[in-house]
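S.K.: Numbering (my numbering), first residue to last: 3 to 435. Think of the CB as a built atom: it goes at the ideal place given N, C-alpha and C, for glycine as much as any other residue. Remember, predicted model here, so these are calculated numbers, not experimental data. Okay, here's the structure, questions in a sec.
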Ligand code: AMP
C-alpha cells in the first residue's frame, strides 16, 4: 500500500516524504482509513508499530482540510508521561512542518514561566494540545481552557494511564469535552478496565489489534551491515562455511530469488527456488526435497515465511530485510522448530537500515551486528536515523555512510525538530521534563 492511497492533503504527503516513510506500517494501513471516515477507534498496539503517525497523520489531514476555530483547541492528545508528551510533540513538529497548524505540549514539572506560556496557549486556543492528565486538570480548574469546540480526542497508552491512577482525571477532562467529538483510544494491552473505559467514552468504535508475536529466545539472531553488492559474496562465504546443512534464504522479491538461485547454482551450490511464478507441483517437489534433506539450500519469497513446518532448518538468511516485524518473526521462526536451536542472519544495506531499526523497536531489542569478513572490503556504518540514498557500494568511504542524502531545511527524519511554524512553544522538548 502507498501513502498516496489515503488521499492526504499534499502538505501532509510532503511531511511523510520528508520523514522518510516509504509505506504505511500495518497499524497505519488499518487505522488511517477508519479515522479518515470519522469513526471512533480502540486499538491494541505497542510502541514501535508506527502508532503515533497512525493517528497524527489523519488528524493533521482533517485539521488542515476542515474549517476549524482559531480560538479553540481542536484536538487533544492525552498521554501518561512527560516523556511521551515530548516525543509526540517532536513528532508533531516534523509532521506539521509544511502546514500552519499550531500545537503545544502541556506537562508537569515545568517552571512558572512554562505554566504562563501554557495558560496563554490554552486560553487562546491551539490546533493540537498534547498533555499529561494532571497538568491539564490544573489548567482546566483555572477556567480558561478552550475545549468546548474540541473535535478530536486521543488517549495514548491508555492502559498505562489507568495503571498510574489517572482514571478519574481522564473522566473529569472528558466531562468538559463536547460529546460530538471523534475519540481514539490506543493501548498496548486490553485488560477489562480498558474495555470498560472504552464503553464509557467511545461510540461504536472500530477495533484494531496489532499485537506482535516475538521470536523464540533459542534463535540466535545477527545482522550484517553491508552494501548491496556485498550480499552475493557474503552469502557464498556463509554457505561455503559448511556449518549448516539445511538453509532457507528469504528474498522480498521473486526476481531476487531467481537471480540469487541462478548465482548460487553457477557457483556450484545445490540450491533451488520457490516463488509464485512456479507451478504448484514444482513447488511441492522442491519443498519435499528440502524437507527430506536431499536439497540443502532453498531460496524463497515470503510465501514460505508462514506455515511451513520443517523441523531441521538450521539457518535462515534474510537476504533482504523483511517489510515489517511480523514478517521478520515469521521468517526467522522457520528455524529452531521443535527442540532444535537455529540461527537467523539478516543482511542490511544502507537503504534497509531504517526498516531493521523499526523491527528492532518492535521486538524491544537490538539484533546484534556481526563483524563482516575483512576480505569483503569497507562496509557502511549502522546509522538508521540517517537518511540513506540508493545502492551504495563497497570501496566508498571506509566505515562511512554515503555523503549527502539530506535535503536542506526540512524536518528530516522522525523525531527531529522542525523549523518555523505557528507554535506557542518555541522551546518545546527542552522544557524541564
Ligand atoms: P511509534 O510506534 O509511533 O513509536 O513509531 C515507531 C517509529 O517508527 C518512529 O520512529 C516513527 O517515526 C517510525 N515510523 C512511523 N511510521 C513509519 C513508516 N510508515 N515508515 C517508517 N517509519 C515509520
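Are residue 129 and residue 105 close, meaning C-beta to C-beta below 8 Å?
M.R.: Going by C-beta atoms, residue 129 is nearer than 8 Å to residue 105.
S.K.: Compare the C-alpha of residue 162 against each of 143, 83, 45 and name the closest.
M.R.: That would be 83, whose Cα lies nearest to the Cα of residue 162.
S.K.: I need the boundaries of the alpha helix (DSSP H) containing residue 56, first residue and last residue.
M.R.: Segment 53-67, the alpha helix (DSSP H) holding residue 56.
S.K.: What ranges does the beta strand (DSSP E) occupy inside the stretch 180-210, keeping only unbroken runs of at least 3 residues that lie completely in it?
M.R.: Correct list: 184-189.
S.K.: For the alpha helix (DSSP H) that contains residue 263, what are its first and last residues?
M.R.: Note, residue 263: alpha helix (DSSP H), 256-268.
S.K.: Looking at residue 319: is its Cβ nearer than 8 Å to the Cβ of residue 240?
M.R.: Against a cut-off of 8 Å, the Cβ pair of residue 240 and residue 319 comes out as a contact.
S.K.: How would you label residue 337, buried or exposed, when you count the other beta carbons within 10 angstroms and need 16 or more for buried?
M.R.: By the neighbour-count rule (16 or more Cβ atoms within 10 Å), residue 337 is buried.
S.K.: Pull up the distance between the alpha-carbon of residue 249 and that of residue 355, whole angstroms please.
M.R.: So the two alpha carbons sit approximately 24 Å from each other.
S.K.: Rounded to a whole number of angstroms, what is the C-alpha to C-alpha distance between residue 96 and residue 66?
M.R.: Rounded to whole angstroms, residue 96 to residue 66 spans 15 Å at the Cα level.
S.K.: According to DSSP, what are the bridge partners of residue 156?
M.R.: DSSP lists 79, 186 as partners of residue 156.
S.K.: Can you tell me whether DSSP reads residue 117 as helix, strand or coil?
M.R.: The answer is helix: DSSP assigns residue 117 an H, G or I state.
S.K.: Would you say the beta carbon of residue 49 is closer than 7 Å to some non-hydrogen atom of ligand 1?
M.R.: Within the cutoff, so yes.
S.K.: Under three-state DSSP, which class holds residue 274?
M.R.: Of the three classes helix, strand and coil, the one that applies to residue 274 here is strand, per DSSP.
S.K.: Hey, residue 87 and residue 107: beta-carbon distance below 8 Å or not?
M.R.: A contact, by the Cβ cut-off of 8 Å.
S.K.: Is any heavy atom in ligand 1 found nearer than 7 Å to the beta carbon of residue 27?
M.R.: Under cutoff, so the answer is yes.
S.K.: One question on the structure: do residue 251 and residue 321 come within less than 8 Å of each other, judged by their Cβ atoms?
M.R.: For residue 251 and residue 321, yes; Cβs fall inside 8 Å.
S.K.: Quick one: what's got a C-beta closer than 8 Å to residue 236's C-beta in the same chain, skipping five residues either side?
M.R.: 226, 228, 349, 374, 375, 378, listed in sequence order.
S.K.: Can you give the Cα-Cα distance for residue 126 and residue 43, rounded to whole angstroms?
M.R.: Distance between the alpha carbons of residue 126 and residue 43 is about 29 Å.
S.K.: Could you check if residue 162 belongs to the surroundings of ligand 1, using beta carbon to heavy atom distance under 7 Å?
M.R.: No, Cβ of residue 162 sits at least 7 Å from all heavy atoms of ligand 1.
S.K.: For the putative contact between residue 210 and residue 381, defined by C-beta atoms under 8 Å, what is the C-beta separation to the nearest angstrom?
M.R.: Not confirmed; about 39 Å, so no contact.
S.K.: DSSP state of residue 288, grouped into three classes?
M.R.: Of the three classes helix, strand and coil, the one that applies to residue 288 here is helix, per DSSP.
S.K.: Taking all protein chains shown into account, decide if residue 285 is buried (16 or more other Cβ within 10 angstroms of its Cβ) or exposed.
M.R.: When all chains shown are included, residue 285 counts as buried.
S.K.: At a threshold of 7 Å, does residue 356 count as lining ligand 1 (C-beta to nearest heavy atom)?
M.R.: Under cutoff, so the answer is yes.
S.K.: Check whether the Cβ of residue 330 sits closer than 7 Å to any heavy atom of ligand 1, and report yes or no.
M.R.: No, Cβ of residue 330 sits at least 7 Å from all heavy atoms of ligand 1.
S.K.: In terms of residue numbering, what span does the beta strand (DSSP E) encompassing residue 327 cover?
M.R.: Unbroken run through residue 327 is the alpha helix (DSSP H), 327-334; no beta strand (DSSP E).
S.K.: Taking Cβ positions, are residue 357 and residue 331 nearer each other than 8 Å?
M.R.: Going by C-beta atoms, residue 357 is not nearer than 8 Å to residue 331.
S.K.: Given 7 Å as the limit, tell me if residue 202 has its C-beta closer than that to any heavy atom belonging to ligand 1.
M.R.: For ligand 1, not one heavy atom lies less than 7 Å from the Cβ of residue 202.
S.K.: Could you check which residue in 54, 218, 60 has the C-alpha nearest to that of residue 5?
M.R.: Closest by alpha carbon: 60.
S.K.: In its own chain, which residues sit with a C-beta less than 7 Å from the C-beta of residue 292, not counting the 5 before and 5 after it?
M.R.: Result list for residue 292: 300, 312, in chain order.
S.K.: Please state if the CB of residue 171 and the CB of residue 145 are separated by a distance shorter than 8 Å.
M.R.: No; because the gap between Cβ atoms is not below 8 Å, this pair is not in contact.
S.K.: Could you tell me whether any non-hydrogen atom of ligand 1 is closer than 7 Å to the CB of residue 83?
M.R.: It does not: the Cβ of residue 83 is nowhere closer than 7 Å to a heavy atom of ligand 1.
S.K.: Quick test of your reading: residue 28 and residue 326, contact by CB under 8 Å. State the CB separation rounded to the nearest angstrom.
M.R.: 6 Å between Cβ atoms; contact.
S.K.: Would you decide whether residue 343 is buried or exposed? Buried here means 16 or more other CB atoms lie within 10 Å of its CB.
M.R.: Burial call: exposed.
S.K.: Of the choices 141, 148, 103, whose alpha-carbon is the least far from that of residue 509?
M.R.: Residue 509 lies beyond the residue range present for the chain, which begins at 3 and ends at 435; the question has no answer from this structure.
S.K.: Can we count residue 363 as close to ligand 1, meaning its CB is less than 7 Å from some heavy atom?
M.R.: Yes, the beta carbon of residue 363 sits closer than 7 Å to at least one heavy atom of ligand 1.
S.K.: Since I believe residue 364 is in contact with residue 92 (beta carbons under 8 Å), could you give me their beta-carbon distance rounded to a whole number of angstroms?
M.R.: Not really, about 20 Å apart at Cβ, beyond 8 Å.
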